[in-house]
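Report on the structure given below.
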Amino acid sequence: MSGLPLKAILMLAWRNLWRNHRRTLIMLAAITVGVWAMIFMTALMRGMVDDMLLNGIRGLPGEVQIHHPDYRDDPNVNNSMPAPHDALLSAMRVPEVTAWTSRVRVPAVISSERDSRGVVLLGVEPQSEVKVSFDLETIIEGRFLEDSSDRGLVIGAKMADRLETDLGKRVVVMSQDPDNNIADRGFRIVGVYKAKLASLEETYIYGGRETVQKMLKLGNSVSEVAISGGDYRNVDRWLGGIQQAAGNDVETLPWYEIDTYLGSMLAMMDGFVLVWIIIVFLALSFGLVNTLVMAVFERVREIGLMQALGMRPSTILYQILMESLLLLLIGLALGNAIAVGTIIPLQGGIDISVVAEGMEMMGTSSMLYPALKLNDMILANLIVIILGLLTSILPAWRAASYNPIEALNKT
Amino acid sequence: MTITLRMAWRNLWRHKRRTWLTVGAMIFSNLILVFSISLQLGSYQMMIDNSLKSYTGHMQIQREGYNEEPKMRSSIDAIISLAGRVRDQLGNESVAARGVAFAMTSSEERSYGLQIIGVEPEYEPKVSTLPGLITRGGYFTGLNTEEIIIGAVLARNLRVGIGDELTLLGSGHDGSFAAGIAIVTGIFESGIAEIDRSMAQLPIGYFQDLFGMEGRGHNIVINAADLSEVESAKQSVSSVLKDRDELVVLDWELLQPGLKQAIQADFTSAWFMYGVLIVLVAFSVLNTQLMSVLERTREFGVMMALGVKPARLGSLVITETAVMSGLGLAIGALLGIVMTWYLSIVGFSYPGMEDMAERFNLPDRMYPSLSILSIMLGPSVVFVFSLLASIYPAIRLFFLQPVTAMRAV
C-alpha cells in the first residue's frame, strides 16, 4: 500500500479528532481565545496609534514640512523663509499632494485686560489651512478666518477662559519683529475653537497670514510650508520630488523626522504586534503539543497495527499533522469570526474619557476607535498556522517512528 | 493528607511529558508576568518620581480653583510666612512658596513669551531637582536680587549666557503693566526638552516686586518623605489652613491627573494581555486534568468500590493540580527573578524607546525593579486560576457510579 490519498488522510484525521471530543473542544476553545485576543488587542492598539498619528500629523501639520534650516531648533521670526517659489509650486502640483499651506508661526504673548499667556501665533491662509490642519467643526462660537488679510483672531475655548475674555472682545498680541523690536497689535476675537486635545487650545491662536506678516514686519516671508498627502505611510513616494524642488536653502522633512516620537511609535507598534502574537502563540503551543502527544499516546497500539498492515510512517506523520492543521484551522476560523464580531460593534469608538488626560500625555484623544487591519489578521493567521504545524512535527514524528512490534505490544 | 499528597505526586509522574508540558505553559506565563509586572511597577514609580521631582512636588497649597484655572489673581496672601508655618507644622524643610506669571522675555536679539516662576532660593532646592541641574553659573544669591535662571535650550534660543541681561514685560497682579530687568545667573539642563525650552525662575522677593504681588504668591510646593506618606502629610497641612478656608491642599494625583491616568490606562491594557495568558494556562490545566480523570475512570471506580469517598478523590485531583501549579509557580517565578534581576542590572532598551521615554520622563534605558509584589502578583493569579480550572474535572467525580465506572474502557 503506497501513500494514502489526501482525502483518506483528511477523513482519518477528522474522525480521530472527534474520538475525544472534550479534549478537542477545550483545545479549540484555547485556540479561539488566543486568536481572538491576538486580533482584538492588535486592533485596539492599532486604533490608538492611528489616532495618535492622525492627531499628531494634523497638529504638525502635514506629512511634509519645509522650514528655514534653523527654525526647528529656534522657532523665531528671524528664521523665516520666502514664500514658495515657482519650482516648488509646480512640484506641489503632483497628484499625491492633496493640499498645502504656508504659515507664519512664532512664539507670542496674548493679553486681555485680565491676564496674559504665552502662545504660538499662527498666521494662516484660511482656505488651505482648513484642508491641511484646522477642522472647521471645532469652531464653537463665531467663525474661522475668512481670508489671509482677515484682521480677526481665533483662539481656543480654554484660552478664552484663562484670559477671561470672549467672542467680540479685544486682546493684544505681542511678539518680536526681525530687528527684535516688540511687535504688538490689537485683535478682535472673531472665533473660538474647541480642540480634540485640550492642550492645543492653550497653545495656538490663529490670525490671517497677511495681517500677521504686517504686524511682524515680515514682508512676504513665512515660517513653514506644510504639505499634506492623505496617507502617512506613503510619504516617501513623493517626498523626494518636493525636497528637490525646495532646494538646499531650506529644510524639507517628513513627519517621522519632525516628530520622532510619532515616528518611533509607528515602528514600535509594528514590533509590538509581532511580539504579542508570538507570545500568545507560545502560550497556546504548550496545549497544542500536549493534545497531540496525548492523542498519539492513546493510539500507540493502533498506530503499530496500521504500520504492521503496511501503512508508511510518512502517512502516519501526515495524518497527525493533518489533525493539528484541522484543529488550527477551525480554531482560527472561530477566533477570526469572533474577533471581527466583537470589533465591528465597537467601530463607533470606545469611550475612554475617564483616563482622557492620561491618553493626552500619549497624544491620543478620549475615544478609542479599533482599527482592524487586514495585514495584522493575515500575520496572526500565518503565524498560528506555520508555527503551529512546526510545533506539531515533533509529536507527529515520534508517532511515525514507532517500531510496529513494540507498539503493538504496548498496553 | 500526606497520603493524598503522595498519591498526587505519583499520579502526576505517570504521564511525565503531559505534566511537564502543562507546567511548561505555567512557567512560560509566570516568567513573562514577573518580568513585565516588575518592569511596569518600576517604570510607574520612576515616572511619578521624575515628573514630580522636577517641578510639581507631592502636593501644593493653592487658592481654591487655581488648579483648574491658574489665574494671576487666584493668589495666596502673605505666602512666605504661610510657607514658614507649614514648614514648622511638618517639621520638614521641603516646603517652598512660588509665584507664577507670564512675561515677554527679551534679550538683545530675541523675545519669547515665557512662564516666569518666582521661587524661594533657600527652600526651592529641597522640593525640585532643577536647581541641582544648573550646569553654568550658580543659584540665586538673595531673595530680592535681580537675577534669573533659565533652561539651556532657552538660553541658546535667546542667545544669552551668564551675566547677560533679560528684559521682562508682562502684566502685574492688578492687571497693570509690569516691567523689569534681570541678569542671567544660572543655566540648567534637565534633559526634558519642554522644561529646558520654557522655564525661567526669579527669586520670589524680586518676582513679587516686579509683578506687584504685594507679598502674594500662587502655590506652596510640599514634598513628603515618601509617596506613601503624602496622605498623612496632607492631613497635617490641612490643619494649618483652618483659618484660611479660601486655600486647599492638592496632592499629585489632582495636580497631574494625566500621570495617574496614563498609569491606569497602561495598567488596564496590560492586565487584558495578562488575562489572556492566564486563561490560556487555565485551558491547558483543564485539558490535562480532565484527561487524567477520564483515563482513570476504572481506577476511581475501584477506589470508590473499596470505600473511598468522592470528596477524597476530588481533593486528590485538586491536590494534583496544586502540586503542578506549585511547581510552575516556583520555577516560573525563579526564572522570572533571574531574568529580571539580570536586566535590572544591565538594563535594556528597544528601538524607539528613547522618544517614548522622554515623553514620560523616563531614562533611556529601562531597569525593571523586583519587589515581592511584582514577583508574586502574576504567578499567584496563575496559581488560583489553575486551581479553578481543575474544579470541573474534580466535580465530575461526584457523579461517578462505581459499578459503571469499573466497566468503563
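As you go down the protein sequences, you meet chains D and W in turn. At position 30 of the first sequence (counting the first as 1) the number is 33 in my numbering, and the numbers step up by one without a gap. At position 23 of the second sequence (counting the first as 1) the number is 24 in my numbering, and the numbers step up by one without a gap. A virtual CB, placed ideally from N, CA and C, is assigned to each residue, including glycine. These figures come from a predicted structure and were not determined experimentally.
Review point. Mind pulling the chain D residues with CB within less than 9 Å of A263 of chain W?
Key: Chain-ordered, the chain D residues with CB closer than 9 Å to the CB of A263 of chain W read V358, E360, G361, M362, E363, M364, M365.
Review point. What are the partner residues of S107 of chain W, as DSSP defines its beta bridges?
Key: W:S112, W:T168
Practice item. Could you run through the region 24-48 of chain D and flag, in chain order, every residue whose CB is less than 7 Å away from some CB of chain W? Key: R25, R26, I29, M30, A32, A33, V36, G37, A40, M44
Exercise for review: Can you pull the chain W residues whose beta carbon is under 7 Å from the beta carbon of N251 of chain D, in chain order?
Suggested key: Ordered by position in chain W, no residue passes the 7 Å Cβ test against N251 of chain D, which lies about 24 Å from the chain.
Check your understanding: For A86 of chain D, which residues of its own chain have a beta-carbon under 8 Å away from its beta-carbon, when the five flanking residues on both sides are left out?
Key -> S105, N223, S224, V225
Point to revise | Assumed close pair N58 of chain D, L200 of chain D - CB separation to whole angstroms, cut-off 8 Å | key: 6 Å
**Study point:** Under 8 Å between C-beta atoms of E110 of chain W and N183 of chain D
**Key:** yes
Practice item. Could you check what DSSP says for V253 of chain D in three-state terms: helix, strand or coil? Key: coil
Point to revise | Backbone CA spacing between P126 of chain W and T269 of chain W [nearest angstrom] | key: 36 Å
Check your understanding: Helix, strand or coil for V309 of chain W per DSSP?
Key -> coil
Practice item. Name the residue from D:L56, D:W241, D:T35 whose alpha carbon lies nearest to the alpha carbon of M95 of chain D. Key: D:W241
Practice item. Check P110 of chain D in the structure and name its three-state DSSP category. Key: strand
Point to revise | Beta-carbon proximity list for M105 of chain W, same chain, < 7 Å, skipping 5 on both sides | key: S112, G114, L170, G171
Practice item. Output the distance between the C-alpha atoms of L328 of chain W and N378 of chain D, rounded to the nearest integer angstrom. Key: Each residue's Cα considered, the two are about 39 Å apart.
Check your understanding: Residue range of the beta strand (DSSP E) that S178 of chain D falls in?
Key -> 173-179
Point to revise | Same chain, Cβ closer than 6 Å to I264 of chain W, five either side skipped, listed in chain order | key: Y45
Practice item. Give a yes or no on whether the minimum CB-CB distance between N183 of chain D and chain W is below 8 Å. Key: yes
Practice item. Evaluate R49 of chain D with the Cβ neighbour count: other Cβ atoms within 10 Å of its Cβ, from every protein chain shown; 16 or more gives buried, anything less gives exposed. Key: Counting every other CB atom within 10 Å of its CB across the protein chains shown gives R49 of chain D a total of 16 or more, marking it as buried.
Practice item. Per DSSP, which residues does E132 of chain D bridge with? Please list them. Key: Bridge partners of E132 of chain D: none, in fact.
Review point. Does DSSP classify M95 of chain D as helix, strand or coil?
Key: In the structure shown, M95 of chain D falls within a coil segment according to DSSP collapsed to helix, strand and coil.
Check your understanding: Quick one, which residues of the region 97-113 of chain D are near chain W if we go by CB-CB under 7 Å, in chain order?
Key -> P110, A111, V112
Review point. Can you find a CB in chain D that lies within less than 8 Å of the CB of K72 of chain W?
Key: With 8 Å as the cut-off, K72 of chain W counts as an interface residue toward chain D.
Check your understanding: If we cut at 8 Å on Cβ distances, does P394 of chain W have a partner in chain D?
Key -> no
Point to revise | Local conformation of L200 of chain D per DSSP, three classes | key: coil
Practice item. Specify whether the region 279-290 of chain W and the region 391-400 of chain W touch according to this definition: at least 3 beta carbon pairs, one from each stretch, less than 8 Å apart. Key: The answer is yes - the region 391-400 of chain W touches the region 279-290 of chain W, with three or more Cβ pairs under 8 Å.
**Study point:** Among W:Q257, W:E123, W:P352, W:S375, nearest to L34 of chain W - alpha-carbon criterion
**Key:** W:S375
**Study point:** Where A3 of chain D falls, given that 16 or more other Cβ within 10 Å makes a residue buried
**Key:** Because residue 3 of chain D is not part of the residues shown, which for chain D are 4 to 414, the question remains open.
**Study point:** I81 of chain W and A98 of chain W closer than 8 Å at C-beta
**Key:** The Cβ-Cβ distance between I81 of chain W and A98 of chain W falls below 8 Å.
Point to revise | Those residues which DSSP pairs with F349 of chain W across a bridge | key: W:M367
Practice item. Could you tell me whether the Cβ atoms of Q41 of chain W and G361 of chain D are closer together than 8 Å? Key: no
Check your understanding: Given S107 of chain W, which residues of its chain have a CB within under 6 Å of its CB, disregarding the five upstream and five downstream residues?
Key -> Scanning its chain for C-beta atoms nearer than 6 Å, with the 5 sequence neighbours on each side dropped, one finds around S107 of chain W the residues T168, in chain order.
Point to revise | Nearest neighbour of E305 of chain D, chosen from D:L287, D:A410, D:I346 [CA to CA] | key: It is D:A410 whose Cα lies nearest to the Cα of E305 of chain D.
**Study point:** CB contact below 8 Å: F289 of chain D versus chain B
**Key:** The structure shown contains no chain B; its protein chains are D and W.
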